[in-house]
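Undergrad:
In the working numbering, the protein residues as written are 351 to 685.
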């Protein structure tokens with residue numbers, strides 16, 4: 351049996367991913383009832399998800415969802431983003447587009463495909479930008495007049511055309527460097543920093559790590575992802591560094607930057623959990639009760655936000671066991 355063909359042509363309400371979608375849509379409905387007019391703000395579905403998350407609901411669906419920032423349905427997403435106001439505006443946009451394209455089968459088919467895939471998927475830049483281009487093209491066709499000719503456009507001199515072209519090319523090159531090249535360089539530094547950390551090449555790590563941070567100073571979201579990758583690599587591969595007494599010098603640098611990220615994004619659960627894990631590991635390695643207390647404070651805060659996440663509960667239980675049985679030490683301020 352061709353698995354790809356079977357996956358594309360089969361549809362079952364009992365399938366895990368479909369059932370998990372239904373759970374997220376129920377969460378979105380409840381979230382909309384809490385803030386019906388203007389919603390929760392863009393990119394804030396995760397707060398609704400975290401507050402209502404129940405592991406048993408997703409366990410029964412056969413999936414282990416822990417983090418979600420989208421409802422996987424464009425209409426629920428828009429409702430959470432901006433409430434009834436934004437949802438109605440989005441529906442009005444779609445209706446207008448359908449009316450405009452109703453006599454153009456190719457454009458209409460593209461619009462239908464875009465809308466249908468967004469009923470169960472996530473609208474990203476890869477789909478949203480073509481959608482905007484489609485709308486612009488449809489509007490261009492609508493605005494065309496049979497009597498239009500070259501003489502109806504404002505003529506410009508050749509020198510002006512060259513000047514506009516040069517400025518345009520310069521803008522594209524600058525944008526490419528700022529929004530493409532810098533993140534690419536940072537991505538290479540992530541790999542180099544992680545590799546040098548795992549092989550305990552401290553000076554190489556510091557240089558690559560610093561360069562990556564520098565390249566992303568204008569990209570707060572990417573910087574957060576950069577730190578998450580480095581921090582996750584350290585947390586999951588700590589043993590070799592602990593055995594060579596090198597763990598703390600890496601962990602102290604990463605934790606310091608993570609604390610800054612945490613203060614600016616106090617409700618980002620992934621970052622909070624990772625910082626708690628870093629505090630926990632540093633506390634155990636350094637035999638420092640103060641660091642373990644900081645880890646416990648963050649985990650308790652996480653359980654206040656999302657009380658039903660087993661991951662937070664088990665990590666907190668593990669931490670309390672360590673504090674009770676591993677060692678007893680007076681609180682020592684972190685340096």
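Every residue gets a Cβ at the ideal spot worked out from N, C-alpha and C, and that includes glycine.
Applying the 10 Å Cβ sphere with the 16-neighbour rule, what's the burial state of residue 659?
TA: Buried, by the Cβ-count rule.
Undergrad: Are the beta-carbon atoms of residue 572 and residue 540 separated by less than 7 Å?
TA: Taking 7 Å as the Cβ cut-off, residue 572 and residue 540 do not qualify as a contacting pair.
Undergrad: Secondary structure at residue 638, three-state DSSP: helix, strand or coil?
TA: Three-state DSSP puts residue 638 in coil, outside helix and strand.
Undergrad: For residue 303, report the span of its alpha helix (DSSP H) as first-last.
TA: It is not possible to answer for residue 303, since the shown part of the chain is limited to 351 through 685.
Undergrad: Could you have a look at residue 472 and say whether DSSP puts it in helix, strand or coil?
TA: Correct three-state label for residue 472: coil.
Undergrad: I'd like to check one pair, residue 420 with residue 466: are the Cβ atoms closer than 7 Å?
TA: Not in contact: residue 466 and residue 420 (Cβ atoms no closer than 7 Å).
Undergrad: Could you give the DSSP three-state label for residue 588: helix, strand or coil?
TA: Three-state DSSP puts residue 588 in coil, outside helix and strand.
Undergrad: What does a CB cutoff of less than 6 Å around residue 559 pick up in its chain, not counting 5 residues either side in sequence?
TA: Contacts found: 543.
Undergrad: Using 8 Å as the Cβ pair cut-off and three pairs as the minimum, do the region 641-653 and the region 661-678 touch?
TA: Touching, yes.
Undergrad: List the whole-angstrom C-beta distance separating residue 601 from residue 632, where the pair is believed to meet the contact cut-off of C-beta under 8 Å.
TA: Indeed they touch by this definition, with Cβ atoms about 5 Å apart.
Undergrad: Answer with yes or no whether the minimum CB distance from residue 424 to chain B is below 7 Å.
TA: The structure shown has no chain B; it contains just one protein chain.
Undergrad: Please state whether DSSP places residue 427 in a helix, a strand or coil.
TA: Three-state DSSP puts residue 427 in a helix.
Undergrad: Mapping DSSP to helix, strand and coil, what is residue 596?
TA: Reduced to three states, the DSSP call for residue 596 is coil.
Undergrad: For a test of the three-state rule: what should DSSP assign to residue 657, helix, strand or coil?
TA: DSSP places residue 657 in coil when its eight states are reduced to three.
Undergrad: Would you kindly report the start and end of the unbroken alpha helix (DSSP H) that includes residue 455?
TA: Per DSSP, residue 455 belongs to the alpha helix (DSSP H) from 455-467.
Undergrad: Beta-carbon separation of residue 488 and residue 451 under 7 Å?
TA: Closer than 7 Å, so yes.
Undergrad: Using C-beta distances below 6 Å, list every residue in its chain close to residue 382, excluding the 5 sequence neighbours before and after it, in chain order.
TA: So the list reads 429, once near-sequence residues are dropped.
Undergrad: Confirm, please, whether the CB-CB distance from residue 608 to residue 577 is below 7 Å.
TA: The answer is yes: Cβ separation under 7 Å.
Undergrad: Mapping the DSSP letters down to three states, classify residue 551 as helix, strand or coil.
TA: In the structure shown, residue 551 sits in coil (DSSP, three-state: anything other than H, G, I, E or B).
Undergrad: Is it buried or exposed for residue 667, if we count other Cβ within 10 angstroms and need 16 for buried?
TA: When all chains shown are included, residue 667 counts as exposed.
Undergrad: Under three-state DSSP, which class holds residue 375?
TA: Helix at residue 375.
Undergrad: Apart from the five residues just before and just after residue 585, which ones in its own chain have a Cβ nearer than 7 Å to its Cβ?
TA: Contacts found: 624, 627, 628 and 631.
Undergrad: Please classify residue 566: does DSSP put it in a helix, a strand, or coil?
TA: In the structure shown, residue 566 sits in coil (DSSP, three-state: anything other than H, G, I, E or B).
Undergrad: Give me the Cα-Cα distance between residue 545 and residue 476, rounded to the nearest whole angstrom.
TA: Near 31 Å, if we compare the C-alpha coordinates of residue 476 and residue 545.
Undergrad: With distances taken between CB atoms, is the gap from residue 656 to residue 397 smaller than 7 Å?
TA: No; because the gap between Cβ atoms is not below 7 Å, this pair is not in contact.
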